[in-house]
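Q: Structure in structure tokens, see below.
2 protein chains.
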Amino acid sequence: MERTSAEKILEIAQELVQTRGLNAMSYADISEQLGITKAGIHYHFPSKDNLILEMVKRYHQNFRYGTAHVNTISKTGLERLEKHMAYHAGLVQIRALCLCAMLASDSESLSEDVRFEVQAFFNTSRAWLSDALEFGRRDGTLTFRGSPDLEAAQVLALYEGAMLLARAWNDVERYNEPVQRYLATVSTI
Amino acid sequence: MERTSAEKILEIAQELVQTRGLNAMSYADISEQLGITKAGIHYHFPSKDNLILEMVKRYHQNFRYGTAHVNTISKTGLERLEKHMAYHAGLVQIRALCLCAMLASDSESLSEDVRFEVQAFFNTSRAWLSDALEFGRRDGTLTFRGSPDLEAAQVLALYEGAMLLARAWNDVERYNEPVQRYLATVSTI
DNA sequence: GTCTATAGGCAGATAGAC
DNA sequence: GTCTATCTGCCTATAGAC
Chain A
765 MERTSAEKIL EIAQELVQTR GLNAMSYADI SEQLGITKAG IHYHFPSKDN
815 LILEMVKRYH QNFRYGTAHV NTISKTGLER LEKHMAYHAG LVQIRALCLC
865 AMLASDSESL SEDVRFEVQA FFNTSRAWLS DALEFGRRDG TLTFRGSPDL
915 EAAQVLALYE GAMLLARAWN DVERYNEPVQ RYLATVSTI
Chain V
765 MERTSAEKIL EIAQELVQTR GLNAMSYADI SEQLGITKAG IHYHFPSKDN
815 LILEMVKRYH QNFRYGTAHV NTISKTGLER LEKHMAYHAG LVQIRALCLC
865 AMLASDSESL SEDVRFEVQA FFNTSRAWLS DALEFGRRDG TLTFRGSPDL
915 EAAQVLALYE GAMLLARAWN DVERYNEPVQ RYLATVSTI
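If you read the protein sequences in the order shown, they are chains A and V. Quick note: the first sequence uses my numbering, first residue 765, plus one each step. Quick note: the second sequence uses my numbering, first residue 765, plus one each step.
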């Protein structure tokens, strides 16, 4: 199965949004990187809003696939968390933010449809984190007080914030420092 | 001492950047709210980059004044933290992000000068948080493991991330939930 | 200091040929 | 599906009158 033009567009556009922000990404930028004209992109995605909506849906779906994969290859809850954090370190290293974190900051420029999809993504993230935490508590690799769901909300805020701060220096250590410190406090090992 | 035009411009522009983002704020927007023309604004701030630079310097300075005031009126370290968090809840309520968090997300659109000022602001924030934490540890109202500086970095990431997430729902409770939970874990009371 | 007028560029989007 | 050509509108910024 070959990658279609629509998929290539989404891929390139997504990286541009994650690194530059919604309003600093243009059809001209995608056109330049992909090698087809702006009009060609409009054939696949009539409006920018439409493009962003499909982008977030795809990002959300890829997140589901990615976390499902992490679940299968990880033996412990701690391992799940570690892999999750490592993945986000990779984003920081290419100067990217989580797509939905970037769109949350550009929230006022979004259509209602996109805002709902962004919320849905964060709901999925929180639910997955909650599961990972609960899993780790049961297998004895993680320890924390209170409900996994509330702990998950806190972890989510922590690493999204850490990614944002790391951007100010373009230094992945600004992300790793607080995140590793958190992992050390919840890890029983 | 009356507020000068330059000050009014900075004030209005800052709120626009905090609520909409750097690239979604224009001289036309400021012009509309302030009642003087775009050319009039260019007289005070020749370029947008210049305007943003002055804005961040002013924001940083106001942060110093604000935290110094919090220090004088607070009896405990816990009280300092609580006031700090309450201030940021106010920002969330008007759909604003911390100015420097917003600019960190728009980092790729910034001049080097502005990026340095954003870093300086975060350094000041972290240092103040570290002091508040240490103060609280000594007065017995706060408890946490390890160095106040590393704890400060984590707290900073936590509430900046919580503000970002709260934006996705435009719901201050999404900020309060993780932040209050954090305060509960460090409070000895 | 603030105005009118305008330059020059880039944005998102469309029409119609191939 | 992709192209060339073009539209309209907004952007930052400047010139010059008052």
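Glycine included, C-beta positions come from ideal geometry on N, C-alpha and C. Here the structure is a predicted model, which is why all the values come from computation and not from measurement.
Using 8 Å for Cβ pairs, my map puts residue 794(A) next to residue 773(A). What's the rounded Cβ distance?
A: With a Cβ gap of about 6 Å, residue 794(A) and residue 773(A) count as contacting.
Q: Quick check on the burial criterion: 16 or more other C-beta atoms within 10 angstroms. Buried or exposed for residue 778(A)?
A: The residue is buried, with at least 16 neighbouring Cβ atoms inside 10 Å.
Q: Would the beta-carbon of residue 907(V) fall within 9 Å of that of residue 936(V)?
A: Taking 9 Å as the Cβ cut-off, residue 907(V) and residue 936(V) do not qualify as a contacting pair.
Q: Counting only runs of 4+ residues fully inside the region 860–918 of chain A, write out the alpha helix (DSSP H) ranges in chain order.
A: As far as the region 860–918 of chain A is concerned, its whole alpha helix (DSSP H) runs of at least 4 residues are 863–869, 876–903.
Q: For residue 827(A), return the contacting residues in chain V, with the cut-off set at a CB-CB distance below 9 Å.
A: Going along chain V, no residue has its Cβ under 9 Å from residue 827(A), so there is no contact; the nearest lies around 15 Å.
Q: Just the chain A side, please: which residues come within less than 8 Å of residue 883(V) by C-beta, in chain order?
A: Ordered by position in chain A, the residues that pass the 8 Å Cβ test against residue 883(V) are 932, 933.
Q: If contact means a Cβ-Cβ distance below 8 Å, which residues of the region 868–894 of chain A contact chain V?
A: Residues 868, 869, 870, 871, 872, 873, 879, 882, 883, 886.
Q: To the nearest whole angstrom, what separates the beta carbons of residue 855(A) and residue 862(A), a pair I think is in contact under 8 Å?
A: Correct: roughly 7 Å between the Cβ atoms.
Q: Does the beta-carbon distance from residue 922(V) to residue 925(A) come in below 9 Å?
A: Their beta carbons are under 9 Å apart, which means residue 922(V) touches residue 925(A) by this criterion.
Q: Measure the alpha-carbon distance for residue 769(V) versus residue 871(V) and round it to whole angstroms.
A: Each residue's alpha carbon lies about 28 Å from the other.
Q: Name the DSSP bridge partner or partners of residue 951(V)?
A: DSSP output for residue 951(V) lists 906(V) as bridge partner(s).
Q: Helix or strand or just coil, what does DSSP make of residue 796(V)?
A: If DSSP states are grouped into helix, strand and coil, residue 796(V) belongs with the helices.
Q: At 4 residues or longer, and completely inside the region 798–847 of chain V: list those alpha helix (DSSP H) runs for me, N to C.
A: Segments of the alpha helix (DSSP H) lying fully in the region 798–847 of chain V: 802–808, 812–837.
Q: When the cut-off is 9 Å and only beta carbons count, does residue 823(A) lie next to chain V?
A: Taking Cβ atoms only, chain V never reaches closer than 9 Å to residue 823(A), which makes this a no.
Q: Quick one: does residue 901(V) have its CB under 9 Å from some CB of chain A?
A: For residue 901(V), the answer is no, since every Cβ of chain A falls outside 9 Å of its Cβ.
Q: Determine the burial state of residue 832(V): buried for a count of at least 16 other Cβ atoms within 10 Å of its Cβ, exposed for fewer.
A: Burial call: exposed.
Q: Taking only the alpha-carbon atoms, compute the straight-line gap between residue 803(V) and residue 810(V) and give it to the nearest angstrom.
A: When rounded, the distance between both Cα atoms is 9 Å.
Q: Answer yes or no: do residue 942(A) and residue 914(V) have a C-beta to C-beta separation smaller than 9 Å?
A: Yes.
Q: Ordered along the chain, which non-local residues of its own chain (more than five positions away) have a Cβ less than 8 Å from that of residue 905(V)?
A: Once the five neighbours on either side are set aside, the close Cβ partners of residue 905(V) are 840, 841, 842, 843, 951, 952, 953.
Q: Do residue 874(A) and residue 798(A) have their beta-carbon atoms positioned less than 9 Å apart in this structure?
A: Their beta carbons are not under 9 Å apart, which means residue 798(A) does not touch residue 874(A) by this criterion.
Q: Might you give, ordered along the chain, the residues of its own chain that have their beta carbon closer than 8 Å to the beta carbon of residue 934(A), omitting 5 neighbours on each side?
A: Taken in chain order, the residues that qualify are 859.
Q: Between the Cα of residue 824(V) and those of 938(V), 916(V), 775(V), 884(V), spot the shortest distance and give me the residue it belongs to.
A: Of the listed residues, the one whose Cα sits closest to residue 824(V) is 884(V).
Q: Check residue 787(V) in the structure and name its three-state DSSP category.
A: Reduced to three states, the DSSP call for residue 787(V) is helix.
Q: Could you check whether the Cβ of residue 779(A) sits closer than 9 Å to any Cβ belonging to chain V?
A: By this cut-off, residue 779(A) is not an interface position.
Q: Is residue 907(V) close to chain A? Criterion is C-beta to C-beta, closer than 9 Å.
A: Taking Cβ atoms only, chain A never reaches closer than 9 Å to residue 907(V), which makes this a no.
Q: Using only CA atoms, which one of 806(V), 879(V), 849(V) lies nearest to residue 929(A)?
A: Residue 929(A) has its Cα closest to that of 879(V), out of 806(V), 879(V), 849(V).
Q: Does residue 894(V) pass the burial test, meaning 16 or more other C-beta atoms within 10 Å, or should it be called exposed?
A: Classification of residue 894(V): buried, given that the 10 Å Cβ count is 16 or more.
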